[in-house]
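First comes the structure, then the notes that go with it.
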Amino acid sequence: MAKRSHVTTTVNGDEYEFLCDADQTLVNVLRDELELTGTKEGCSTGDCGACSIMLDGDLVCSCLVLGVEADGKDIQTIEGMAPSADELHPLQRNFLEINGLQCGICTPGILIAARALLERNPDPTETEIRFWLAGNLCRCTGYDKIIRSVQAAAEEMRKG
Amino acid sequence: MDDMRYEAPDSQDSAISMLAEAGGSGKVLAGGTDVLVQLHAELIEPDVIVDIKSIPGTQDISETDGSYTFGAAVPGMVLMGHEGFSSTWPGVIDGVALIGSIQVKGRASVGGNLCNASPAADSVPAMIAAGAICNIVGPGGSREAPVEDIVTGPGKTSLADGEFILSFTLPARPPHSGDAYLRLTPRTEMDIAVVGSGVNITLDDDGTCTAARVALGAVAPTPLLVADAADALIGSKVDETALAKMGDACSAACNPISDKRGTKDYRIKTASVIAQRAAEIALERAREN
Chain A
1470 MAKRSHVTTT VNGDEYEFLC DADQTLVNVL RDELELTGTK EGCSTGDCGA CSIMLDGDLV
1530 CSCLVLGVEA DGKDIQTIEG MAPSADELHP LQRNFLEING LQCGICTPGI LIAARALLER
1590 NPDPTETEIR FWLAGNLCRC TGYDKIIRSV QAAAEEMRKG
Chain B
1479 MDDMRYEAPD SQDSAISMLA EAGGSGKVLA GGTDVLVQLH AELIEPDVIV DIKSIPGTQD
1539 ISETDGSYTF GAAVPGMVLM GHEGFSSTWP GVIDGVALIG SIQVKGRASV GGNLCNASPA
1599 ADSVPAMIAA GAICNIVGPG GSREAPVEDI VTGPGKTSLA DGEFILSFTL PARPPHSGDA
1659 YLRLTPRTEM DIAVVGSGVN ITLDDDGTCT AARVALGAVA PTPLLVADAA DALIGSKVDE
1719 TALAKMGDAC SAACNPISDK RGTKDYRIKT ASVIAQRAAE IALERAREN
């Protein structure tokens, strides 16, 4: 066995240390080493977007990042999205109210991706939402309710 | 793969010696969007992964007298978000913008897109058309090579053991210059090119084309620089006749395969159409500045 690397990283504002193998992906580290299982692994090849996270402010697939690459980085996952235990993020609430999910596997990745969009563009068109979320696959909803959930959340967030 | 090591050297010299020492069993890592997929599919089994992102110059974008240099590992989203670069080279940005999803472009780099050596890589014809030069470092020192000299076949490059691309340099833009990249895909997003074409042109004050470069992707084992297609534009007003002649030269240069995305005949025919449409966009952009 090759030696495992010692990695220090920040996830949702908390500092974590872990050991990982050179070929271990960040999604595996998050789920298996740090027990942050909100991030889902779908295709493992960067096609489905289920494992979307923020890495130093960039939206990325955590299956396409090595765990060792997270050293010194700032990571945000779905676990850090709700402002408190009693309050959901407007995106989370609107996905629930408008039924923007069915089985829910794609949802954490879509919420992370949608939040990244609304931070850059608080008033996206439907086309802009669809192109931004093109890297997030959903086999249940047919996407329509996902788009409407994002639009409703965006409107609510613009009103403050 | 159990014994695979990960190294993130902070100097090009360390990276070169690590790669040279590994011989053919070292793999350069930039954004990782191809390397990690190949690693986990066991298509590659390197002894050492050398992450070049901590090496000075691999993540920077700079401009000197109108000539841009950007690091081989600059993520697509960063390049797209750079106002100066994207307004100077909109055709390169057309290509970069088509590399996968937002998530993939959050990591994927032009250096990786080139060195993965897919004939269908979207940023490569655009970079060839732009006349981009690779700044290569390796055990024998530094050298420069045009982008069109890198890919030698599917998955194969002309880089020697221990060599890697540190950055790319694009020439300064004369006035009335414009570039564009277009591709044909069955779907509008998240697909692989059936045909791709990058066109870069410069006009004089009267609108006559004084310089042109035309490149094609996905129609041969490597991306192609098509000199005959450029010659058809140079000296013309980039009118219908010149465009048709350029299109014919593109079709003549194709040496494609048939696959599930398109037949050989379809690729040869549409290469002309896509190149002409890209040239029309490049022309419009050239007239604007």
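As given, the protein sequences belong to chains A and B, one line each in that order.
Residue numbering for the first sequence follows my numbering, beginning at 1470 and increasing consecutively.
Residue numbering for the second sequence follows my numbering, beginning at 1479 and increasing consecutively.
Heads up, the beta-carbon is just placed ideally off N, CA and C, and yes, glycines get one too.
On a predicted model such as this, the values are computed, not experimentally measured, just so you know.
Cβ pair residue i, residue j closer than 9 Å
i                  : j                  : result
Ser1503 of chain B : Gly1554 of chain B : no
Ile1522 of chain A : Leu1570 of chain A : no
Gly1616 of chain B : Leu1637 of chain B : yes
Ala1724 of chain B : Ala1603 of chain A : The question names Ala, yet the displayed sequence has Met at residue 1724 of chain B. Cβ atoms of Met1724 of chain B and Ala1603 of chain A: not closer than 9 Å.
Ala1498 of chain B : Gly1640 of chain B : yes
Ala1608 of chain B : Val1574 of chain B : no
Gly1631 of chain B : Thr1700 of chain B : yes
Val1528 of chain B : Met1496 of chain B : yes
Glu1566 of chain A : Ala1623 of chain A : no
Ser1645 of chain B : Asn1613 of chain B : yes
Val1672 of chain B : Arg1755 of chain B : no
Ile1533 of chain B : Gln1490 of chain B : yes
Cys1489 of chain A : Gly1541 of chain A : no
Gly1676 of chain B : Arg1765 of chain B : no
Ala1539 of chain A : Thr1576 of chain A : no
Ala1610 of chain B : Ala1760 of chain B : no
Arg1763 of chain B : Ile1670 of chain B : no
Leu1606 of chain A : Gly1511 of chain A : yes
Leu1662 of chain B : Val1552 of chain B : no
Val1534 of chain A : Leu1495 of chain A : yes
For residue i, the nearest candidate out of the options (CA to CA)
i                  : options                                    : result
Phe1487 of chain A : A:Val1476, A:Ser1618, A:Ile1581, A:Glu1548 : A:Val1476
Leu1580 of chain A : A:Val1529, A:Thr1478, A:Thr1596            : A:Val1529
Lys1583 of chain B : B:Ala1727, B:Gly1510, B:Gly1535, B:Gly1713 : B:Gly1510
Leu1503 of chain A : A:Cys1575, A:Thr1514, A:Ile1567, A:Asn1481 : A:Asn1481
Ser1492 of chain B : B:Lys1531, B:Lys1738, B:Val1677, B:Pro1603 : B:Lys1531
Thr1688 of chain B : B:Ile1670, B:Tyr1659, B:Arg1651, B:Gly1674 : B:Arg1651
Thr1594 of chain A : A:Val1619, A:Arg1608, A:Leu1606, A:Ile1574 : A:Val1619
Gly1573 of chain A : A:Glu1556, A:Arg1608, A:Asp1540, A:Lys1542 : A:Arg1608
Ala1749 of chain B : B:Pro1734, B:Pro1487, B:Glu1762            : B:Pro1734
Gly1619 of chain B : B:Val1677, B:Ala1722, B:Ile1643, B:Asp1706 : B:Ile1643
Asn1767 of chain B : B:Pro1568, B:Asp1743, B:Arg1585            : B:Pro1568
Leu1499 of chain A : A:Lys1509, A:Asp1527, A:Ala1491            : A:Lys1509
Leu1721 of chain B : B:Ile1606, B:Leu1711, B:Leu1517            : B:Leu1711
Gly1578 of chain A : A:Leu1557, A:Asp1613, A:Cys1532            : A:Cys1532
Through-space distance from residue j to residue i, alpha-carbon basis
i                  : j                  : result
Gly1518 of chain A : Asp1709 of chain B : 44 Å
Glu1758 of chain B : Gly1501 of chain B : 46 Å
Leu1681 of chain B : Val1716 of chain B : 9 Å
Glu1541 of chain B : Leu1648 of chain B : 9 Å
Ser1565 of chain B : Val1692 of chain B : 20 Å
Gly1611 of chain A : Leu1514 of chain B : 30 Å
Asp1525 of chain A : Thr1546 of chain A : 12 Å
Ser1736 of chain B : Lys1628 of chain A : 53 Å
Met1479 of chain B : Glu1520 of chain B : In this prediction, Met1479 of chain B scores a pLDDT of 49, lower than 50, which makes its location untrustworthy; the coordinate-derived value is nonetheless stated afterwards. Straight-line Cα distance between these residues: approximately 8 Å.
Ser1601 of chain B : Val1704 of chain B : 16 Å
Lys1472 of chain A : Asp1525 of chain B : 13 Å
Ala1595 of chain B : Gly1633 of chain B : 5 Å
Asp1706 of chain B : Lys1505 of chain B : 36 Å
Ala1599 of chain B : Gly1695 of chain B : 7 Å
Pro1653 of chain B : Gln1581 of chain B : 35 Å
Leu1507 of chain B : Cys1520 of chain A : 20 Å
Arg1665 of chain B : Asp1488 of chain B : 41 Å
Asp1512 of chain B : Glu1588 of chain A : 28 Å
Leu1560 of chain A : Ala1583 of chain A : 8 Å
Thr1854 of chain B : Ala1698 of chain B : With chain B covering only 1479 through 1767, there is no way to say anything about residue 1854 of chain B.
Ser1474 of chain A : Tyr1484 of chain B : 9 Å
Tyr1485 of chain A : Asp1501 of chain A : 13 Å
Where the alpha helix (DSSP H) through residue i begins and ends
i                  : result
Lys1583 of chain B : 1580-1583
Thr1576 of chain A : 1576-1589
Ala1621 of chain A : 1613-1628
Glu1566 of chain A : 1559-1566
Any non-hydrogen atom of the ligand ADP closer than 8 Å to residue i Cβ
i                  : result
Leu1535 of chain A : Ligands in the displayed structure: none, and consequently the ligand ADP is not present.
Element boundaries [beta strand (DSSP E), containing residue i]
i                  : result
Glu1597 of chain A : First-last for Glu1597 of chain A: 1595-1601, but that is the alpha helix (DSSP H), not the beta strand (DSSP E).
Gly1656 of chain B : 1655-1662
Thr1477 of chain A : 1474-1480
Thr1473 of chain B : As shown, chain B starts at 1479 and ends at 1767. That puts residue 1473 of chain B outside it, with no answer to give.
Val1529 of chain A : 1527-1530
Gln1545 of chain A : 1543-1545
Glu1484 of chain A : 1483-1489
Ser1521 of chain A : 1521-1524
Glu1485 of chain B : 1483-1485
- Runs of beta strand (DSSP E) lying entirely within the segment 1678-1752 of chain B, each at least 3 residues, in chain order: Segments of the beta strand (DSSP E) lying fully in the segment 1678-1752 of chain B: 1687-1695.
- Item | Every unbroken alpha helix (DSSP H) within the segment 1585-1631 of chain B, with a cutoff of 4 residues, ordered by chain | 1588-1593, 1601-1608, all fully within the segment 1585-1631 of chain B.
- Ignoring anything shorter than 3 residues or poking outside the segment 1498-1567 of chain B, list the beta strand (DSSP E) runs there in chain order. Fully enclosed beta strand (DSSP E) runs of 3 or longer: 1504-1507, 1526-1529, 1539-1542, 1545-1549.
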